[in-house]
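Single-structure report; data block below.
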Amino acid sequence: MGLEKKPVILLQTEGAYPYSGGGISTWAQSLCRDLDGKIDYILFTLTGTPNTTLHYELPDNIKSIMKIPLWGAEDPVLYYDSERSYSSHLMKKSRTTPEIIESYFYPIFMDFVECVLEPQNTRDKSPEIIYGMWKFFQHFDYKKTMTDIFLWEYFRDRLYFHYRDLFREYQSELPRLMDITVGMRWFYHFLMPIAASYPKVDMTHSSLSGFPSIPSIVLKYEYGTPSLITEHGVFIRERHINISNTDFRYFSKKMLLDLSIVITSAAYQSVDQISPVAHFNTKWEQIFGGQEDKIKVIHNGIDPNYFLPKPKPLETRDIPTVVAVNHIFPLKDIETMIRSCAIVKESIPNIQYRVYGSLTVDVDYVKTCQNLIKELGLEENFLLMGFHSNPQEIYNEGDLYILTSFSEGLPYTVMEAMCCGRPVVTTDIGGVSEIVGDDGILCKPHNPHQIAVAVISLLKNNNLRIRLGRSARERIILNFNENNTTQTYYDTYMNFINRPNKPLKYNVRVESVNKLLDYLSD
Amino acid sequence: MIADAPDIKEQNIQELIHDVRDRIGDPVNVWAVASTIESMGIRDVDVRDDYGRDGIFDVAEVVYQELKRIEQQRIDYEEEGEESEFSRKIHRFFNGIYRFFRYYKYGMMYVLPILAQVVALFVFKYSLWAYLYFNVTQATIIAIGTMLGFIVTGGFVQVLGRVSSYYAGMENYKLSQRITRNFVFGGVITLFAIAFLLFITNLFIPFYPQWMFILSMIYGILIGILILAGAALYALRETIVIAGAIIIGTVLVIVNVDYFNLNIYLSQWMGLLLSIILMLGYSAIYFRRKVHLFHEEDQSSELPKFEVMYYENYRYFLYGFLYFFFLFLDRIVAWSVGNPVPPYIIWFKTPYELGMDWALLSLILTAGVLEYSVNTFSELLMPLQSKIHLDSVSDFNDYFFKFYIRQLLLVIVLGIVSIIASYYMVLYFKPLGNRYTVIRDFFSSYITYKVFWIASVGYLFLSIGLLHTLFLFTLARPKNVIYSIFIAIIVNFVVGFVLSRLFHYEDAVYGMTVGAFVFAVVTGFIAFKFFKRMDYYYYSAY
């Protein structure tokens with residue numbers, strides 16, 4: 010009797026799994042491990058450099074890793090297209106003549122630049138243009154094309170005329186040459202996935218809607234491969250925050266953001282399902298082209314058998330204790346937590362806040378917190394405990410769990426604490442309210458008074474605290490169980506794989522792409 | 014909760030505008046504002062209560078419009094700086110002078126080891142592989158060994174410098190160490206392999222007596238390893254250590270010969286070995302310290318696959334090999350002919366070598382100028398790109414074209430000054446010929462003077478070619494340089510061979526000069542084209 014062939018999924022990540030830890034890596038490792046025996050995976054990962062070390066012991070169902078170093082490689086295609094012989098790379102380069110570039114890539118590139126200049130108005134074209142670019146690079150060399158002088162001069166002049174018209178009165182505010190140089194180089198680096206060859210798989214699954222989702226777009230057109238995006242945060246929202254906070258010049262920021270919007274919108278247009286881990290981010294997805302009927306939340310989950318309620322240990326048994334598990338950096342707003350501790354201390358003098366988390370992520374911020382602790386006389390009450398490798402032990406040290414971040418996605422620590430039967434007091438940000446529901450206390454961010462009142466109410470009311478702790482655990486088991494999450498993904502995969510899936514390449518409307526496709530078919 | 018009065022809400026909005034502006038300045042779009050507001054912990058429900066708007070995106074629109082208005086005002090009222098054109102010119106002038114001396118000094122650091130050898134030779138009679146009183150046979154042995162050492166390792170040195178410094182620049186010292194080890198080891202193996210092959214060839218076709226050949230190969234291997242060890246430190250900019258190791262090795266030679274009366278060959282081999290051990294030892298300690306400092310011990314970084322490394326670096330390897338082959342080719346041509354016919358296929362000719370070494374001084378003095386030019390070029394690119402608006406791209410290209418012409422003139426002028434300075438510097442010692450035979454012998458042959466002048470001009474052209482090469486390497490265009498040096502080698506050989514056979518053996522030096530001229534002109538045509546379109550060539554230099 011023959012073995013049934015397992016579906017093969019291309020799992021796409023950016024920089025995290027399997028080379029570094031973190032929430033998304035944990036999610037990916039659990040997903041692959043839990044579906045071992047049912048699904049085979051090929052990992053596709055974008056990394057910052059070619060030099061990476063595996064952070065995880067990979068499960069057996071990860072059959073291969075395709076790694077694209079976005080930076081640090083003179084000719085990156087030699088790193089990720091290793092199955093192609095060296096001589097065929099050379100043949101590809103020799104085929105890539107200026108005439109070919111001018112005739113077949115240049116028109117597509119012109120359309121692509123228009124997409125970047127007007128990202129919101131070109132959503133319907135951008136997936137086809139990305140596919141067209143990918144198709145070109147299956148036959149011709151990426152680096153040689155992208156460094157062609159014709160492309161450079163077009164890009165430079167097009168941006169000049171675009172911004173000259175926009176800033177008629179303020180010629181001094183035109184982009185600088187550096188903006189164009191940097192912009193074109195960013196195109197080269199971030200669009201690298203467009204140059205890779207992808208295996209024909211049963212489905213693609215991207216862990217975010219940014220550049221790693223390019224394979225999903227192109228395979229949808231080429232083979233009709235169904236695709237799914239999981240959004241832990243929202244790539245385009247995070248991108249706006251991160252890029253806006255850089256020292257890049259205005260036009261450089263604009264170009265990078267517009268490029269990101271193009272890719273994100275194209276991904277949302279092409280994929281079959283967009284699955285944020287919580288509802289709160291869906292508005293962002295819709296703004297950038299995610300259709301409501303495609304958006305289906307799949308909550309992350311944890312293993313309820315790993316995070317078990319236990320009695321408090323001896324050292325904290327008689328002390329009213331509040332536990333937090335956070336690296337100490339500004340996003341976690343530890344200062345508000347410290348101030349809430351000062352307010353609680355007025356009612357409960359022997360209160361103890363124990364905060365576990367790395368003290369080296371932001372050394373300056375740790376100093377700020379330590380100074381505040383000293384200033385408020387909380388040396389005995391607010392303890393920075395440092396990193397702890399076994400969080401399942403930490404939650405049970407406390408009577409309740411606290412989170413004071415002002416920005417979060419769907420924090421695992423809240424789920425874990427609730428699973429340990431600890432009620433939570435947390436700021437109502439991101440997807441936290443979806444986790445907590447009525448089984449915890451939600452507060453306004455940056456409001457130490459409100460947080461302190463919530464902490465006091467739980468510590469002074471044993472019945473409330475115990476009841477909320479029990480219902481918290483039940484809520485996690487029912488709604489945020491890892492097994493349910495895995496099963497949902499498996500069902501989603503099988504649902505899409507078993508549908509008829511037609512390639513979209515036969516419905517391309519963009520003229521420049523059709524011209525290329527006609528040439529290649531001849 | 015009682016909603017805030019309208020005045021308070023507007024006040025809150027003003028504060029929000031201020032906070033957002035502090036964080037992100039001039040926003041790229043309204044979503045940048047919205048995402049920033051969300052990241053500050055403000056929720057839709059807070060927006061209604063605190064700002065009197067329906068949600069995050071509504072208040073973001075208000076904030077965005079206000080920030081754009083503020084930005085527009087800033088543009089309207091921005092004033093020019095107070096500094097006058099005159100003081101800017103003065104400032105630039107003195108800045109330029111300072112930069113010149115700073116980089117000239119760096120450039121001279123790299124030639125310090127060679128200078129140390131020359132000084133040791135004339136003051137103490139010995140250097141690491143030279144001796145004022147070597148006879149012609151001995152000089153031939155050393156010369157062949159020297160050529161072997163430089164030519165075989167030329168490619169390894171070029172790539173080692175490039176790749177090791179690349180990883181060190183990224184603070185990946187583990188990979189820098191690994192690549193250094195691989196290339197030093199590879200170079201050593203290649204040296205032994207080539208030496209062995211030549212030895213076997215000489216067994217079947219006895220170009221030289223075996224004892225001569227073996228001595229030559231030993232020198233070649235030791236000099237080659239010395240060069241590799243120096244290259245490892247050169248890549249890390251540890252030039253003082255290179256100079257120190259060579260000086261210490263030279264001191265050992267002097268002590269061995271003068272105080273312990275050891276045989277010259279043995280003394281020099283011990284000196285070479287000591288310098289090698291010092292340099293390689295320092296490299297090992299350096300890397301161990303850096304790996305520890307950056308906590309790289311447990312990292313398992315991988316070098317790229319061999320074929321990737323090959324593709325990325327083979328042009329540079331080829332250039333390194335061809336460059337040294339070019340440098341020594343005229344000697345091979347000159348020393349393989351003459352009247353009387355030389356006893357062996359290549360036979361050292363003292364006046365020729367003296368003339369070439371004398372001319373080399375002018376090249377050494379010009380090295381600092383090349384360092385200045387290429388560093389200034391690199392330093393100017395980004396600031397100028399940041400200054401030039403898109404409607405002035407031609408100004409950017411014009412500026413760099415003029416910059417290139419200025420550097421070319423600088424190399425030519427300083428090259429001519431170096432030639433004249435080298436001539437008179439050495440001529441200064443001529444009167445001492447009455448006292449010292451070796452000095453009298455130095456100036457005894459007209460060939461020395463003839464070769465000096467022709468080779469000096471050749472080295473000037475070579476400097477120009479090297480200037481172009483450095484610019485082209487900075488712009489990641491090694492292919493163009495390979496073609497140029499290859500053509501130069503052919504010209505060097507053809508011209509030198511024909512003239513040395515038709516006229517005098519020393520006319521082989523014309524081959525080097527004409528070859529260097531061709532190298533300068535061909536690279537010049539390419540550089541000319543590049544500097545006219547610097548905006549594109551800078552963009553594509555990756």
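Protein chains in written order, with this note's numbering: chain Y, 10 to 531; chain H, 14 to 555.
Don't be surprised by glycine CBs; every beta carbon is placed ideally from N, CA and C.
Query                                                                                                            : Result
Per-residue contacts from H:VAL72 into chain Y (C-beta, under 8 Å)                                               : Residues of chain Y passing the Cβ test: none, with the nearest at roughly 14 Å.
Beta strand (DSSP E) segments (min. 3 residues) lying fully within the stretch 370-430 of chain Y                : 391-395 and 409-412
Where H:ALA45 meets chain Y, residues with beta-carbon distance less than 9 Å                                    : HIS249, ILE250, ILE252, SER253, LYS262 and LEU266
Exposure of Y:PRO322, with buried meaning 16 or more beta-carbon neighbours within 10 Å                          : exposed
Where Y:ASP49 falls: helix, strand or coil (DSSP)                                                                : strand
Cross-strand partners of Y:CYS452 (DSSP beta bridge)                                                             : Y:THR436
Whole-angstrom distance between Y:ILE33 and Y:ALA25, CA atom to CA atom                                          : 7 Å
Straight-line gap, Y:SER73 to Y:LEU55 (C-alpha atoms, nearest Å)                                                 : 14 Å
H:LEU188 at chain Y interface by Cβ criterion, 8 Å                                                               : yes
Chain Y residues whose Cβ lies nearer than 8 Å to that of H:GLN24                                                : Within chain Y, no residue comes near H:GLN24; the closest Cβ sits about 17 Å away, beyond 8 Å.
Within-8 Å CB hit, Y:ILE1 to chain H                                                                             : What is shown of chain Y runs 10 to 531, which leaves residue 1 of chain Y out entirely.
Cβ-based burial, H:MET395 [other Cβ within 10 Å; buried from 16]                                                 : exposed
Per DSSP, the bridge partner or partners of Y:MET212                                                             : Y:ILE18
Residues that Y:LEU237 bridges to, as DSSP identifies them                                                       : Y:HIS214 and Y:GLN282
Closest residue to H:GLY168 among H:ASN148, H:GLY333, H:ASP35 and H:ILE50 (Cα-Cα distance)                       : H:GLY333
Neighbour flag for H:LYS400 against chain Y, beta carbons, 8 Å                                                   : yes
Reduced DSSP category for Y:ASN130 - H, G, I as helix; E, B as strand; rest coil                                 : coil
Buried versus exposed call for H:GLU309 [16 or more other C-beta atoms within 10 Å across all chains shown]      : buried
Chain H contacts made by the stretch 425-443 of chain Y, where a contact means CB separation under 8 Å           : THR436, ASP437 and ILE438
Whole-number beta carbon distance between Y:SER269 and Y:VAL191, since they are thought to touch under 8 Å       : Actually they do not touch by this definition, with Cβ atoms about 15 Å apart.
Closer than 8 Å to chain Y by CB, H:GLU92                                                                        : Only weak support exists for where H:GLU92 lies, its pLDDT of 44 falling under 50; the value from the coordinates is given anyway. For H:GLU92, the answer is no, since every Cβ of chain Y falls outside 8 Å of its Cβ.
Neighbourhood of Y:THR239 by C-beta, 6 Å cutoff - its chain only, sequence neighbours within 5 removed           : SER216 and SER284
Between the CA atoms of H:SER391 and H:MET322 - distance to the nearest angstrom                                 : 25 Å
Beta-carbon proximity of H:VAL406 to H:ASP548, cut-off 8 Å                                                       : yes
The beta strand (DSSP E) enclosing Y:THR330, as first and last residue numbers                                   : 330-334
Sequence-distant residues of its chain with Cβ nearer than 6 Å to H:GLY428 (five each side left out)             : THR379, LEU473 and SER476
Limits of the unbroken alpha helix (DSSP H) element including H:ILE213                                           : 186-217
Three-pair Cβ contact test at 8 Å for the stretch 217-228 of chain H versus the stretch 243-254 of chain H       : no
Neighbourhood of Y:THR369 by C-beta, 6 Å cutoff - its chain only, sequence neighbours within 5 removed           : none
Sequence-distant residues of the same chain with beta carbon closer than 7 Å to Y:TYR528, five excluded per side : TYR113
Y:PRO9 to Y:LEU40 span [Cα, whole Å]                                                                             : In this structure chain Y extends from 10 to 531, so residue 9 of chain Y is not present and cannot be described.
Y:GLN147, DSSP secondary structure in three states                                                               : coil
Within-8 Å CB hit, Y:LYS453 to chain H                                                                           : yes
DSSP-derived helix/strand/coil call for H:ILE502                                                                 : helix
Run of the alpha helix (DSSP H) containing Y:LYS469, from where it starts to where it stops                      : 457-469
Three-state class that DSSP yields for H:TYR139 in the structure shown                                           : strand
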